[in-house]
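Asks: I have a structure I would like to understand better, so I am pasting it below and will then ask my questions one at a time.
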Amino acid sequence: MFDIFKIFAYLKKTFSRKDIYLLIFILILFFFTRLVNLDKFPIFSDEAIYIHWAKVAWHDASWRFISLTDGKQPLQTWGTIPFLKLFPNNALLAGRLFGVAGGLLSLIGIFILLMSMFGKKTAFIGSFLYVFTPYFLFYERMALVDSWVNAGFIWIFLLLYYLVENQQLSMSLLLGLVSGIFLLAKSSVRIFLMLGMISPLLLLKKNLKKFFHETFNYYILLAIAAGIAIVIYNVQRLSPFFHFVAEKNLTFVMSFPEFFKTPFQYFWNNLRYTPLYIIWEMGFVLGLIGLAGLIKLIRSDKKLGAYFFLWILLPFIAIVFFTKVLFPRYLIFFASLLLILAAYYLSEKKRTILFVFIFLSVLIFDSTMLFAYQYIPFPAVDRGQYIEGWPAGWGIKETMDFARQKAKEKPVVIIAEGNFGMASDVLDVFLKPGDNITIKGYWPLDERQLYENQPLLKDHYVYVFFSHREQFPDIWPIKLIKRITKPGDQSDFHLFELLPKPQ
Numbered sequence: 022m023f024d025i026f027k028i029f030a031y032l033k034k035t036f037s038r039k040d041i042y043l044l045i046f047i048l049i050l051f052f053f054t055r056l057v058n059l060d061k062f063p064i065f066s067d068e069a070i071y072i073h074w075a076k077v078a079w080h081d082a083s084w085r086f087i088s089l090t091d092g093k094q095p096l097q098t099w100g101t102i103p104f105l106k107l108f109p110n111n112a113l114l115a116g117r118l119f120g121v122a123g124g125l126l127s128l129i130g131i132f133i134l135l136m137s138m139f140g141k142k143t144a145f146i147g148s149f150l151y152v153f154t155p156y157f158l159f160y161e162r163m164a165l166v167d168s169w170v171n172a173g174f175i176w177i178f179l180l181l182y183y184l185v186e187n188q189q190l191s192m193s194l195l196l197g198l199v200s201g202i203f204l205l206a207k208s209s210v211r212i213f214l215m216l217g218m219i220s221p222l223l224l225l226k227k228n229l230k231k232f233f234h235e236t237f238n239y240y241i242l243l244a245i246a247a248g249i250a251i252v253i254y255n256v257q258r259l260s261p262f263f264h265f266v267a268e269k270n271l272t273f274v275m276s277f278p279e280f281f282k283t284p285f286q287y288f289w290n291n292l293r294y295t296p297l298y299i300i301w302e303m304g305f306v307l308g309l310i311g312l313a314g315l316i317k318l319i320r321s322d323k324k325l326g327a328y329f330f331l332w333i334l335l336p337f338i339a340i341v342f343f344t345k346v347l348f349p350r351y352l353i354f355f356a357s358l359l360l361i362l363a364a365y366y367l368s369e370k371k372r373t374i375l376f377v378f379i380f381l382s383v384l385i386f387d388s389t390m391l392f393a394y395q396y397i398p399f400p401a402v403d404r405g406q407y408i409e410g411w412p413a414g415w416g417i418k419e420t421m422d423f424a425r426q427k428a429k430e431k432p433v434v435i436i437a438e439g440n441f442g443m444a445s446d447v448l449d450v451f452l453k454p455g456d457n458i459t460i461k462g463y464w465p466l467d468e469r470q471l472y473e474n475q476p477l478l479k480d481h482y483v484y485v486f487f488s489h490r491e492q493f494p495d496i497w498p499i500k501l502i503k504r505i506t507k508p509g510d511q512s513d514f515h516l517f518e519l520l521p522k523p524q
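In my numbering, the protein residues as written are 22 to 524.
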């Protein structure tokens with residue numbers, strides 16, 4: 022039975038005034054690290070797509086499932102709309118606040134999970150480490166769904182633990198509700214609920230009859246939770262585009278027929294890079310301490326240690342065999358598992374020297390993520406996506422500021438190379454209500470589109486933004502205004518003015 026006064030009594034008994042101050046301090050650190058310069062990091066092309074979807078869905082209710090047109094679940098679209106209403110003049114900030122919200126859910130979940138499993142001291146250590154772990158810091162500052170995938174992992178893991186320990190129907194209903202909501206974030210969340218099948222490992226005991234009895238009850242409750250989650254997930258069937266989700270998944274994951282035909286096609290590459298990306302983006306030291314924590318847990322509590330080991334091993338096997346496209350952000354939940362184990366290891370004894378190593382290892386990551394983006398020491402695959410390659414949106418805001426200034430004289434049309442993501446959607450993110458600016462995306466963009474838009478010059482400024490092309494024939498009717506360079510000099514943008522036909 023729910024009793025708010027019992028909850029208050031428990032909190033008062035469990036947390037001292039010092040604990041409250043420490044919790045407030047951790048929250049202040051979280052919001053500082055997540056909010057400072059939040060909209061200053063160059064926009065990533067995928068962020069632009071998701072923010073554009075949210076803007077469309079906000080203004081047209083018939084497109085609330087717009088993300089399904091590209092096979093993406095709608096949670097990010099829906100979750101971004103409230104932030105767009107709060108910050109209509111800063112869509113990038115609004116989109117990235119969605120990521121921050123996912124991080125806050127993760128932080129709360131990590132604290133509760135660690136306190137439930139290992140006690141208050143470990144919960145404080147783990148929460149403090151969570152705030153400064155580069156993996157979480159970066160992706161919780163982006164308008165991407167991955168921070169919510171990580172939150173889904175943490176809460177599903179926590180509720181599965183509660184369910185197997187307490188075996189209450191109310192917990193089953195809560196697990197189903199939470200799982201269903203997070204299933205609307207990304208298809209990979211299904212893995213976390215499926216891993217609930219191994220939870221009876223925690224019930225192992227000498228009395229086999231009691232073990233089988235409790236396991237049977239647990240699987241019934243898990244089935245109820247899964248049923249609720251599936252019902253919520255199937256709200257997407259209201260859209261005629263729901264079938265695109267399964268098609269999109271095949272872009273990233275091998276089907277069974279593909280796997281049986283070439284089972285090792287991606288294996289060796291994934292085997293090499295999966296652990297590398299996880300350890301690297303955790304700042305190296307913390308991930309290694311997490312592995313030490315796993316070994317220590319197995320020695321001190323074989324059932325719980327084996328449980329954590331299987332939560333790491335089984336997804337790892339699935340990823341290295343079946344994943345076609347591997348980016349570090351897809352592996353973020355492994356970092357949460359290793360963080361939990363690292364917090365456990367660090368809480369057992371005084372390990373001051375390890376905290377010093379952790380601090381030094383994350384210092385460069387965190388400081389550059391907040392203040393010197395071009396120097397973030399990411400692996401090459403992420404530097405290519407967010408900093409050096411064509412998806413990195415350096416100079417986009419300045420381009421739109423320039424167009425906004427020119428629009429005070431007469432309307433502006435921007436012809437953008439790319440009609441999905443980079444560059445039309447990226448430019449659209451910085452479009453404010455009331456701007457006298459029109460963005461027209463083309464793919465491909467060549468001289469034909471330039472000549473087609475020349476009549477607009479009669480009463481518009483027309484600019485051409487190239488995000489991919491590097492060669493521009495002299496006969497094209499354009500004049501270079503600015504070349505926007507990026508760190509690493511691997512790619513750049515070009516802004517031209519469209520010229521009228523010769524008289």
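Note that the Cβ used here is the ideal one computed from N, Cα and C, for glycine as well.
Could you give the DSSP three-state label for H515: helix, strand or coil?
Replies: As a first step, residue 515 is located in the sequence shown; it is residue number 494 there, counting from the start. Reduced to three states, the DSSP call for H515 is strand.
Asks: Look at the alpha carbon of L125 and the alpha carbon of K282, and state the distance between them as a whole number of angstroms.
Replies: The residue given as residue 125 occupies position 104 in the sequence shown. The residue given as residue 282 occupies position 261 in the sequence shown. Going by the C-alpha atoms only, they are around 43 angstroms apart.
Asks: Would you list the residues sitting across from A437 in a DSSP beta bridge?
Replies: Residue 437 sits at position 416 when you count from the first residue of the sequence shown. Paired residue(s): G462, F486.
Asks: Where do the ends of the alpha helix (DSSP H) carrying R211 lie?
Replies: Position 190 of the sequence shown, counted from the start, is the residue given in the question as residue 211. Per DSSP, R211 belongs to the alpha helix (DSSP H) from 210-215.
Asks: Output yes or no for whether 8 angstroms exceeds the beta carbon distance between S488 and E409.
Replies: Position 467 of the sequence shown, counted from the start, is the residue given in the question as residue 488. Position 388 of the sequence shown, counted from the start, is the residue given in the question as residue 409. Their beta carbons are not under 8 angstroms apart, which means S488 does not touch E409 by this criterion.
Asks: To which residues of the same chain is I64 closer than 7 angstroms at the C-beta, ignoring the five residues directly before and after it?
Replies: In the sequence shown, the residue the question calls residue 64 occupies position 43. Closer than 7 angstroms at Cβ, skipping near neighbours: L113, G414, I417, V447, V450.
Asks: On the DSSP bridge assignment, give the partners of F65 in chain order.
Replies: In the sequence shown, residue 65 corresponds to position 44, counting from 1. Note: F65 sits in a beta bridge opposite A413.
Asks: Is the beta carbon of H481 closer than 8 angstroms to that of P523?
Replies: Taking the sequence shown and counting its residues from 1, the one referred to as residue 523 is at position 502. Taking the sequence shown and counting its residues from 1, the one referred to as residue 481 is at position 460. The answer is no: Cβ separation not under 8 angstroms.
Asks: Among H515, V402, A437, I379, whose alpha-carbon lies nearest the alpha-carbon of T154?
Replies: By one-based count along the sequence shown, residue 154 stands at place 133. Closest option to T154, Cα to Cα, is I379.
Asks: Use the C-beta contact count for F486: other C-beta atoms within 10 angstroms, 16 or more gives buried, fewer gives exposed.
Replies: Your numbering for residue 486 matches position 465 in the sequence shown. When all chains shown are included, F486 counts as buried.
Asks: What span of residues does the beta strand (DSSP E) with I502 cover, start to end?
Replies: As a position in the sequence shown, residue 502 is number 481, starting the count at 1. First-last of the beta strand (DSSP E) with I502: 499-506.
Asks: Give a yes or no on contact between the region 173-181 and the region 210-217, applying the rule of three or more CB pairs nearer than 8 angstroms.
Replies: yes
Asks: Hey, out of S191, I41, Y254, whose CA is closest to L243's CA?
Replies: Position 222 of the sequence shown, counted from the first residue, corresponds to residue 243. Measuring from the Cα of L243, the nearest candidate turns out to be S191.
Asks: Which full runs of the alpha helix (DSSP H) of 4+ residues lie inside the region 233-284, going along the chain?
Replies: 265-273, 277-282
Asks: Can you give me the start and stop residues for the alpha helix (DSSP H) that K39 sits inside?
Replies: Looking up residue 39 in the sequence shown gives position 18. For K39, the enclosing alpha helix (DSSP H) starts and ends at 38-56.
Asks: Go ahead and pull the three-state DSSP assignment for T373.
Replies: Looking up residue 373 in the sequence shown gives position 352. Three-state DSSP puts T373 in a helix.
Asks: Indicate whether W169 and G116 have their beta-carbon atoms separated by less than 8 angstroms.
Replies: Locating residue 169 in the sequence shown gives position 148, where the first residue counts as 1. Locating residue 116 in the sequence shown gives position 95, where the first residue counts as 1. For W169 and G116, no; Cβs fall outside 8 angstroms.
Asks: For R404, report the span of its alpha helix (DSSP H) as first-last.
Replies: On the sequence shown, position 383 is the one that residue 404 refers to. Unbroken alpha helix (DSSP H) run through R404: 401-404.
Asks: Rounding to the nearest angstrom, what Cα-Cα distance links L292 and L325 in this structure?
Replies: If you number the sequence shown from 1, residue 292 lands on position 271. If you number the sequence shown from 1, residue 325 lands on position 304. Taking the straight line from one Cα to the other gives about 26 angstroms.
Asks: For P508 and H515, what's the separation of their Cα atoms in angstroms?
Replies: Residue mapping note: residue 508 aligns to position 487 of the sequence shown, counting from 1. Residue mapping note: residue 515 aligns to position 494 of the sequence shown, counting from 1. Inter-residue distance for P508 and H515 is about 15 angstroms (C-alpha atoms, whole angstroms).
Asks: How should E438 be labelled, buried or exposed, when 16 other C-beta atoms within 10 angstroms of its C-beta is the threshold for buried?
Replies: As a position in the sequence shown, residue 438 is number 417, starting the count at 1. Buried, because 16 or more other Cβ atoms sit within 10 Å of the Cβ of E438.
Asks: Does the contact criterion of 3 or more C-beta pairs under 8 angstroms hold for the region 86-98 versus the region 198-213?
Replies: yes
Asks: By Cβ distance below 7 angstroms, which residues in the same chain neighbour S368 in space, the five residues on each side in sequence not counted?
Replies: As a working note, residue 368 is residue 347 in the sequence shown. The answer, listed in chain order, is F139, K142, T143, I146.
Asks: At what residues does the alpha helix (DSSP H) containing G130 begin and finish?
Replies: As a first step, residue 130 must be located in the sequence shown, where it is residue number 109. Where G130 is concerned, the enclosing alpha helix (DSSP H) stretches over 112-139.
Asks: Tell me whether the beta-carbon of I202 lies closer than 8 angstroms to the beta-carbon of I253.
Replies: Start at 1 with the first residue of the sequence shown, and residue 202 comes out as number 181. Start at 1 with the first residue of the sequence shown, and residue 253 comes out as number 232. Against a cut-off of 8 angstroms, the Cβ pair of I253 and I202 comes out as a contact.
Asks: Measure the Cβ-Cβ separation of V166 and F273 and say whether it is below 8 angstroms.
Replies: Taking the sequence shown and counting its residues from 1, the one referred to as residue 166 is at position 145. Taking the sequence shown and counting its residues from 1, the one referred to as residue 273 is at position 252. Against a cut-off of 8 angstroms, the Cβ pair of F273 and V166 comes out as no contact.
Asks: Where DSSP assigns a beta bridge to T143, which residues make up the other side?
Replies: On the sequence shown, residue 143 is found 122 positions in, with the first residue counted as 1. According to DSSP, which records beta bridges pairwise, T143 is partnered with nothing at all.
Asks: Just to check my reading of the structure: G304 and S382 have Cβ atoms closer than 8 angstroms, yes? What is that Cβ distance to the nearest angstrom?
Replies: Position 283 of the sequence shown, counted from the start, is the residue given in the question as residue 304. Position 361 of the sequence shown, counted from the start, is the residue given in the question as residue 382. The Cβ separation is near 4 angstroms, so the contact holds.
Asks: At what residues does the alpha helix (DSSP H) containing I316 begin and finish?
Replies: For the purposes of this step, residue 316 is identified with residue 295 of the sequence shown, where counting begins at 1. Per DSSP, I316 belongs to the alpha helix (DSSP H) from 306-321.
Asks: State yes or no: is the C-beta of I397 within less than 8 angstroms of the C-beta of A424?
Replies: Along the sequence shown, read from residue 1 onward, the residue named residue 397 stands at position 376. Along the sequence shown, read from residue 1 onward, the residue named residue 424 stands at position 403. No, the pair does not count as a contact, with Cβ atoms beyond the cut-off.
Asks: Are the Cβ atoms of F263 and F342 separated by less than 8 angstroms?
Replies: For this step, residue 263 is matched to residue 242 along the sequence shown. For this step, residue 342 is matched to residue 321 along the sequence shown. Result no, Cβ atoms of F263 and F342 do not sit closer than 8 angstroms.
Asks: So, L375 versus I460, is the Cβ gap smaller than 8 angstroms?
Replies: To locate residue 375, count along the sequence shown from 1; it is residue 354. To locate residue 460, count along the sequence shown from 1; it is residue 439. Cβ distance not < 8 angstroms, so L375 and I460 don't count as in contact.
Asks: Tell me the DSSP secondary structure of T344 in three-state form.
Replies: Against the sequence shown, residue 344 aligns to sequence position 323. Looking at T344 - three-state DSSP - the assignment turns out to be strand.
Asks: Mind checking whether L466 and W497 have CB atoms under 8 angstroms apart?
Replies: Looking up residue 466 in the sequence shown gives position 445. Looking up residue 497 in the sequence shown gives position 476. For L466 and W497, no; Cβs fall outside 8 angstroms.
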